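Undergrad: Mapping of the sequence shown onto this note's numbering: residues 11 to 816, in sequence order. Even glycine gets a Cβ: it sits at the ideal position worked out from N, Cα and C. Only a predicted model underlies this, so the values are computations on that prediction, with no experimental measurement involved. Mind having a look at this structure? Questions to follow.
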Amino acid sequence: MPSPTTTGSDAADTPASQSYNIWRQGYGVIQHTDVTCAHACSLANRLVEAGLQPDTETVFRKLAALDRLASAGLWLVVHMTYANRVDAGGQPLAPQDFKVSPEGHTGGALNMVPAYAAYLALNNLTGRTRSWLMGQGHCAAAVDALNVLTGNLHPEQAERYRKPDGLSRLAADFYSYRQKPDGSMSAPLGSHINPHTAGGILEGGYLGFAELQYGHMPLPGETLVTFLSDGAAEEQRGSDWIPRWWRADDCGLVLPVMIANGRRIEQRTELGTRAGLERFESHLAERSFDPYRFDGRDPAAFVCALFEMEQSLRYQADSAFRGESGYPVRIPYGIAETTKGFGFYGAGSNAAHNLPLPGNPRMDARARELFLEHTSKLWVDPTDLSRSTALLNEHSLQGRALERDHPLARRNPPEPTLPRLPWSNSLTSPMSAVDTFFRALVAENLHLRARVGNPDEMASNRLGGVLADLKHRVTQPENDQESVQGQIITALNEEAVVSACLANKAGLNLVASYEAFCVKMLGAIRQELIFARHQREVGRPARWLGFPVIATSHTWENGKNEQSHQDTTFCEALLGEMNDVSRVLFPADYNSTLAALPGVYTDRGRISCMVIPKRERPCVFDAGEAETLARHGALVVDEDTSEGEPILLIANGAYQLSEAIRTSERLRETGTPFRLVYLQEPGRFRQPRDTLEAETCLSEFERERLFPRRIHRRVALTHMRPEVFRGHLHSLFPDPVRSRVLGYINRGGTLNEAGMLFANHCSWAHALAACALAMDQPPGEWLSAAELAAVEGRGDPSVITRGLPT
11 MPSPTTTGSD AADTPASQSY NIWRQGYGVI QHTDVTCAHA CSLANRLVEA GLQPDTETVF
71 RKLAALDRLA SAGLWLVVHM TYANRVDAGG QPLAPQDFKV SPEGHTGGAL NMVPAYAAYL
131 ALNNLTGRTR SWLMGQGHCA AAVDALNVLT GNLHPEQAER YRKPDGLSRL AADFYSYRQK
191 PDGSMSAPLG SHINPHTAGG ILEGGYLGFA ELQYGHMPLP GETLVTFLSD GAAEEQRGSD
251 WIPRWWRADD CGLVLPVMIA NGRRIEQRTE LGTRAGLERF ESHLAERSFD PYRFDGRDPA
311 AFVCALFEME QSLRYQADSA FRGESGYPVR IPYGIAETTK GFGFYGAGSN AAHNLPLPGN
371 PRMDARAREL FLEHTSKLWV DPTDLSRSTA LLNEHSLQGR ALERDHPLAR RNPPEPTLPR
431 LPWSNSLTSP MSAVDTFFRA LVAENLHLRA RVGNPDEMAS NRLGGVLADL KHRVTQPEND
491 QESVQGQIIT ALNEEAVVSA CLANKAGLNL VASYEAFCVK MLGAIRQELI FARHQREVGR
551 PARWLGFPVI ATSHTWENGK NEQSHQDTTF CEALLGEMND VSRVLFPADY NSTLAALPGV
611 YTDRGRISCM VIPKRERPCV FDAGEAETLA RHGALVVDED TSEGEPILLI ANGAYQLSEA
671 IRTSERLRET GTPFRLVYLQ EPGRFRQPRD TLEAETCLSE FERERLFPRR IHRRVALTHM
731 RPEVFRGHLH SLFPDPVRSR VLGYINRGGT LNEAGMLFAN HCSWAHALAA CALAMDQPPG
791 EWLSAAELAA VEGRGDPSVI TRGLPT
């Protein structure tokens, strides 16, 4: 049996040996294998040699304290699932102390307890607060339980759960479903990681995105401990690309640990078999990971693994930084082998995922006996627990931040210096404004790490300048568009590339993709938006710099590629999110694009969907008009104030604006008064859904100035599906009977822009016919016989499409 080495006398007679023997005995269900004991002895000696701990006795006293903290965490997690009351003295609970409807992702949370407890202990043993991330957010009970036990809390949880009855209140709050008068949750606690969770930065409700993001998160000098799911690692493609992207020059250390408990909700994972786990190890090794298996039931094994992984990666990072080795470096990857729900009844079964007991202890005596039997093995005497947490809580003594304030949780990059760029008055691609602006922005702010998420073609999307400056990140460059230190993350996997930017909260980001394929990014983006919104709601808003996700090569100009490339879902979905964290903009030309970008990048905690044409478009707006559009979200483009009842034309989208302008010209020819308004940012004109969203919406007075109620008859042309546009902006159509909305109606194929507009009844002629109907006029009064026949589907479409862009 290995034991810690000491100096001056036989190890067996030293106090260090005594503390080692106490730890070696384990505690409750936590036991230490011979392999873990050997690793722990090595760890203790290395910590002392590095001057991080005074002696090995102290190390093993702290590891023994870790056992007790972890056991208490297991005990509390089970109570959070089943009980309304906690008896810290360990006395049996009465039937009425149990919940009427127990709930909780119990098995996964139990598996996370030794992992998160070890993270806390490692920080204590080394005197440095690392960041943490958990992909399986449904295991939040483990984090909340240990945070409460150690006092690592935000004020609202500390006020509620660090009182004498705090643990009982924590258990009662978990899945209580109680609400405040406004409908929000009354307890600062959730089923998943949320902004009340001290140090939480990712909900983890969408499994697999932590796997795509963790490598891009930390800055040099930082370390990120990441807890991952075996099910997600098995199913999320792209999670094995981290070594492809990781660089010592601009990335901090990453310590991924997969909790290999072998089960999903209803079945075991492939990794739940010995052959499957071995295949996974081989898979990792072939992709430049260095797999490291250890006992996932033992918190000390986690500490040893994380410490060894960090030392290994730091050595390799230093070597790569000095140019002594190349990329990819081998990134250590911990595999914590455990049993789903270890530490409690039902471990290893499907039931362990949620409710492991065979019945509800409130009504089932046998379930109550099992609860008592298995929790008694986990109970820790309050005095012993208090000593243990004090030993592991030395933040003030060590001069380090609480884990709630780890570097990634406190991201607040400085305000970027914005470049001044020339306006244009020529036919040019609006995407060239993005290209020019982002190049200049990066050049002016070299202290902010740049990331570009690119799932396809930079040059095709008119971002050639960005490509020339920043280059694709590769391990073996083959041309001048590639570099080992490139800042463009390119992969034909939209989830992976958007995750690279979502993770880069310390810097400047740009994502651009074909509009139809942006839909594949929605899950990752929505997870980020929800978390940012909740941060605002609890009064700790996210401080990362906003950035655009640009949908270009879009529906109306991508007809040549069949209907798979014609989809307006992305902007429609993001318009449904809360406008204070999710903007949707439709700049129509170069100048309006250029004017919108500064606001996008100076926003905090907000993602902007920008739908931008890549083809050359005329500059409709001058500098002043473009800046007004950016400021107010809409602008009167043209107006005829002739006598008579006017019609209000609303255009939303670049091609729709061109059609609306042509429609207004016909209206003028007929002597019909009109007002043409370009609506660049629809979300600002909705009826706000709560007070936070109201802060970003225009007032009733400002809406009236642009869209006067006196004009009852209205026709809108939108980039989106008409039902979506009308639904979100119903207040702009006070008289539905005399209003028409034209937009994408799921028609397409191999067509040019004019053909797409005609197929979806969005051409200038269709708009003119809609105006006639809104004005109770026969369309034939304003359209020629041939034009009317085309609009009604009886004639030649070229009569309408002739002269339109091709």
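(1) Smallest Cα separation from G643: which of D613, E653, R593 and R138?
(2) Look up A644 in the DSSP assignment and say whether it is helix, strand or coil.
(3) Out of R179, Y355, A779 and W792, point me to the one whose CA is closest to V801's CA.
(4) Going by CA-CA distance only, name the one from S436, D240 and R472 that's closest to R449.
(5) For the alpha helix (DSSP H) holding C51, just list the boundary residues, first then last.
(6) Just to check my reading of the structure: G753 and M766 have Cβ atoms closer than 8 angstroms, yes? What is that Cβ distance to the nearest angstrom?
(7) By Cβ distance below 8 angstroms, which residues in the same chain neighbour N489 in space, the five residues on each side in sequence not counted?
(8) Specify the secondary structure class of D445 as computed by DSSP and reduced to three states.
(9) For the candidate residues A501, G209 and N571, whose alpha-carbon lies nearest to that of M468?
(10) To the nearest angstrom, how far is the alpha carbon of L708 from that of L532?
(11) Which runs of the alpha helix (DSSP H) at least 4 residues long sit entirely within the segment 179-225? Give them in chain order.
(12) Give the single residue among G615, V646, D577 and Y92 whose Cα lies nearest to the Cα of N770.
(13) Select from R378, G369, I211 and E413 the residue whose C-alpha is nearest the C-alpha of L132.
(14) DSSP three-state call for D650: helix, strand or coil?
(15) Which residue from Q246, L395 and P342 puts its Cα closest to that of N503?
(16) Among Q697, S201, R685 and P417, which has the Cα closest to the Cα of G654?
(17) Bridge partners of E802, per DSSP?
(18) Just reading off the beta strand (DSSP E) that F304 is part of, what are its end residues?
(19) Inspect the CB distances between the segment 435-447 and the segment 598-615 and report whether three or more fall short of 8 angstroms.
(20) Would you decide whether E213 is buried or exposed? Buried here means 16 or more other CB atoms lie within 10 Å of its CB.
(21) Kindly indicate which three-state DSSP category H482 falls into: helix, strand or coil?
(22) G609 and W554: beta carbons closer than 8 angstroms?
(23) Is it right to say P417 is buried, meaning 16 or more other beta carbons lie within 10 angstroms of its own, or is it exposed?
(24) Specify the secondary structure class of N364 as computed by DSSP and reduced to three states.
(25) Here's a check: name, in chain order, each residue in its chain whose Cβ is nearer than 8 angstroms to the Cβ of L395, leaving out the five neighbours to either side.
(26) Where do the ends of the beta strand (DSSP E) carrying L238 lie?
(27) Would you tell me roughly how many angstroms separate the C-alpha atoms of H363 and G351, rounded to the nearest one?
(28) Roughly how many angstroms separate the alpha carbons of V647 and G634, rounded to a whole number?
(29) Taking 8 angstroms as the threshold (C-beta atoms), are R378 and P105 in contact?
(30) Straight-line CA distance for V725 to E505?
(31) Look at L217 and A242 and say whether their C-beta atoms are less than 8 angstroms apart.
(32) Measuring straight from C-alpha to C-alpha, what distance separates D786 and E669?
(33) Kindly indicate which three-state DSSP category L555 falls into: helix, strand or coil?
(34) Following the continuous beta strand (DSSP E) through L428, name the residue where it begins and the one where it ends.
(35) Identify the residues that DSSP records as bridge partners of P788: which are they?
(36) For E538, does the count of other Cβ atoms within 10 angstroms reach 16, so buried, or fall short, so exposed?
TA: If we stick to the structure as given:
(1) One-based indexing of the sequence shown puts residue 643 at position 633. That would be R593, whose Cα lies nearest to the Cα of G643.
(2) Residue numbering aside, residue 644 sits at position 634 when the sequence shown is read from its first letter. Correct three-state label for A644: strand.
(3) Position 791 of the sequence shown, counted from the start, is the residue given in the question as residue 801. Sorting R179, Y355, A779 and W792 by C-alpha distance to the C-alpha of V801 places A779 at the top.
(4) Sequence index remark: in the sequence shown, residue 449 carries index 439 (1-based). Relative to R449, the option among S436, D240 and R472 whose CA is nearest is R472.
(5) Numbered from 1 along the sequence shown, position 41 holds the residue referred to as residue 51. First-last of the alpha helix (DSSP H) with C51: D44 to E59.
(6) Position 743 of the sequence shown holds residue 753. Position 756 of the sequence shown holds residue 766. Their Cβ separation, rounded to whole angstroms, is 12 angstroms, which puts G753 and M766 out of contact at 8 angstroms.
(7) Here residue 489 corresponds to residue number 479 of the sequence shown, with the count starting at 1. Same-chain partners within the cutoff: there are none.
(8) Taking the sequence shown and counting its residues from 1, one reaches residue 445 at position 435. DSSP, read as helix, strand or coil, puts D445 in helix.
(9) Position 458 of the sequence shown holds residue 468. Nearest of A501, G209 and N571 to M468, Cα basis: A501.
(10) On the sequence shown, position 698 is the one that residue 708 refers to. On the sequence shown, position 522 is the one that residue 532 refers to. Near 27 angstroms, if we compare the C-alpha coordinates of L532 and L708.
(11) Residue ranges of uninterrupted alpha helix (DSSP H) with 4 or more members, entirely inside the segment 179-225 and ordered along the chain, are 219-223.
(12) As a working mapping, residue 770 is identified with position 760 in the sequence shown. The shortest C-alpha separation from N770 is found at D577.
(13) Here the question's residue 132 lines up with position 122 in the sequence shown. Answer by Cα proximity: E413.
(14) Position 640 of the sequence shown, counted from the start, is the residue given in the question as residue 650. Three-state result, D650: strand.
(15) Translated into the one-based positions of the sequence shown, residue 503 becomes position 493. Taking the Cα of N503 as reference, the smallest distance to any Cα among Q246, L395 and P342 is reached at Q246.
(16) By one-based count along the sequence shown, residue 654 stands at place 644. Of Q697, S201, R685 and P417, the residue nearest in Cα terms is R685.
(17) Here residue 802 is taken as the residue at index 792 of the sequence shown, counted from 1. BP columns for E802 are empty, so no partner.
(18) For the purposes of this step, residue 304 is taken as residue 294 along the sequence shown, with counting starting at 1. If you look at F304, you'll find it in the beta strand (DSSP E) that goes F299 to D305.
(19) Yes, the segment 435-447 is in contact with the segment 598-615.
(20) As a working mapping, residue 213 is identified with position 203 in the sequence shown. Looking at its Cβ environment, which holds 16 or more other Cβ atoms inside 10 Å, E213 is buried.
(21) The residue given as residue 482 occupies position 472 in the sequence shown. The three-state secondary structure of H482, taken from DSSP, is strand.
(22) Position 599 of the sequence shown, counted from the first residue, corresponds to residue 609. Position 544 of the sequence shown, counted from the first residue, corresponds to residue 554. In this structure, W554 does not lie closer than 8 angstroms to G609 by Cβ.
(23) For this step, residue 417 is matched to residue 407 along the sequence shown. P417 is classed as buried because its beta carbon has at least 16 other beta carbons within 10 Å across all chains shown.
(24) Sequence index remark: in the sequence shown, residue 364 carries index 354 (1-based). Of the three classes helix, strand and coil, the one that applies to N364 here is coil, per DSSP.
(25) Indexing the sequence shown from 1 puts residue 395 at position 385. The residues are R78, L79, A82 and L159.
(26) Translated into positions along the sequence shown, residue 238 becomes position 228. From DSSP, the beta strand (DSSP E) with L238 extends over T233 to S239.
(27) In the sequence shown, the residue the question calls residue 363 occupies position 353. In the sequence shown, the residue the question calls residue 351 occupies position 341. Each residue's alpha carbon lies about 7 angstroms from the other.
(28) For the purposes of this step, residue 647 is identified with residue 637 of the sequence shown, where counting begins at 1. For the purposes of this step, residue 634 is identified with residue 624 of the sequence shown, where counting begins at 1. If you take the alpha carbons of V647 and G634, they lie about 13 angstroms apart.
(29) Along the sequence shown, one-based indexing puts residue 105 at 95. Along the sequence shown, one-based indexing puts residue 378 at 368. In contact: P105 and R378 (Cβ atoms closer than 8 angstroms).
(30) Start at 1 with the first residue of the sequence shown, and residue 725 comes out as number 715. Start at 1 with the first residue of the sequence shown, and residue 505 comes out as number 495. Cα to Cα, V725 sits roughly 37 angstroms from E505.
(31) Working through the sequence shown from its first residue, we reach residue 217 at position 207. Working through the sequence shown from its first residue, we reach residue 242 at position 232. In this structure, A242 lies closer than 8 angstroms to L217 by Cβ.
(32) Position 776 of the sequence shown, counted from the first residue, corresponds to residue 786. Position 659 of the sequence shown, counted from the first residue, corresponds to residue 669. When rounded, the distance between both Cα atoms is 21 angstroms.
(33) On the sequence shown, residue 555 is found 545 positions in, with the first residue counted as 1. Looking at L555 - three-state DSSP - the assignment turns out to be strand.
(34) As a position in the sequence shown, residue 428 is number 418, starting the count at 1. Annotation: L428 is outside any beta strand (DSSP E) and is labelled neither H nor E by DSSP.
(35) Within the sequence shown, the letter at position 778 stands for residue 788. Note: P788 is not bridge-paired with any residue in the DSSP secondary-structure output.
(36) By one-based count along the sequence shown, residue 538 stands at place 528. Label assigned to E538: buried.
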